[in-house]
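Numbering-wise, full-length UniProt numbering puts 11 at position 11 of the sequence shown, and it's gapless, one number per residue.
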Amino acid sequence: AFPVVALNHYAQAQVASLAQAGDLLLVFATRESDDSALIETMETALSRNMIMIAITGQQNDMVSGLLGASDLELQIPSLNESRVLEQQLLISQCISELVENTIFPQEHD
Numbered sequence: 001a002f003p004v005v006a007l008n009h010y011a012q013a014q015v016a017s018l019a020q021a022g023d024l025l026l027v028f029a030t031r032e033s034d035d036s037a038l039i040e041t042m043e044t045a046l047s048r049n050m051i052m053i054a055i056t057g058q059q060n061d062m063v064s065g066l067l068g069a070s071d072l073e074l075q076i077p078s079l080n081e082s083r084v085l086e087q088q089l090l091i092s093q094c095i096s097e098l099v100e101n102t103i104f105p106q107e108h109d
């Protein structure tokens, strides 16, 4: 996995040039997305056989439709963008804590 802070056309280029099969792309999408850069990045990830985890709000069919059988969607059951962002932040903090505990287990005993 490698970090991409903002999904724009630079992110798609980064995925296209650096990603390998088995790498992880973590996607945050709040509502139905017609963001062409997000879609292009996900399509590039698919073509590179990357694993995708999408954390979305309700009714985000565009993102859901791009996920493959080995991918995962965590759908926050809300159409309220602020509520979805709040929950995405909580989920990202939990993921960060899990990764940190895995990498540095001795510091969390």
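Virtual Cβ for every residue (Gly too), placed ideally from N, Cα, C.
The residues Ile-76, in chain order, have a CB closer than 6 Å to that of Gln-87 in the same chain once the five nearest residues on each side in sequence are set aside. Less than 8 Å divides the Cβ of Val-15 from the Cβ of Ala-45.
Counting along the chain, Ala-29 sits inside the beta strand (DSSP E) bounded by residues 24–29. For Ile-53 against Leu-66, the beta-carbon gap comes to about 12 Å, at or over 8 Å, which does not count as contact.
If you look at Ala-19, you'll find it isn't in any beta strand (DSSP E); DSSP assigns it neither H nor E.
Exclusion of the five residues before and after Glu-43 leaves Leu-66 as the residues of its chain whose Cβ lies within less than 8 Å of its Cβ.
Where Leu-67 is concerned, there is no enclosing alpha helix (DSSP H), because DSSP gives it neither an H nor an E.
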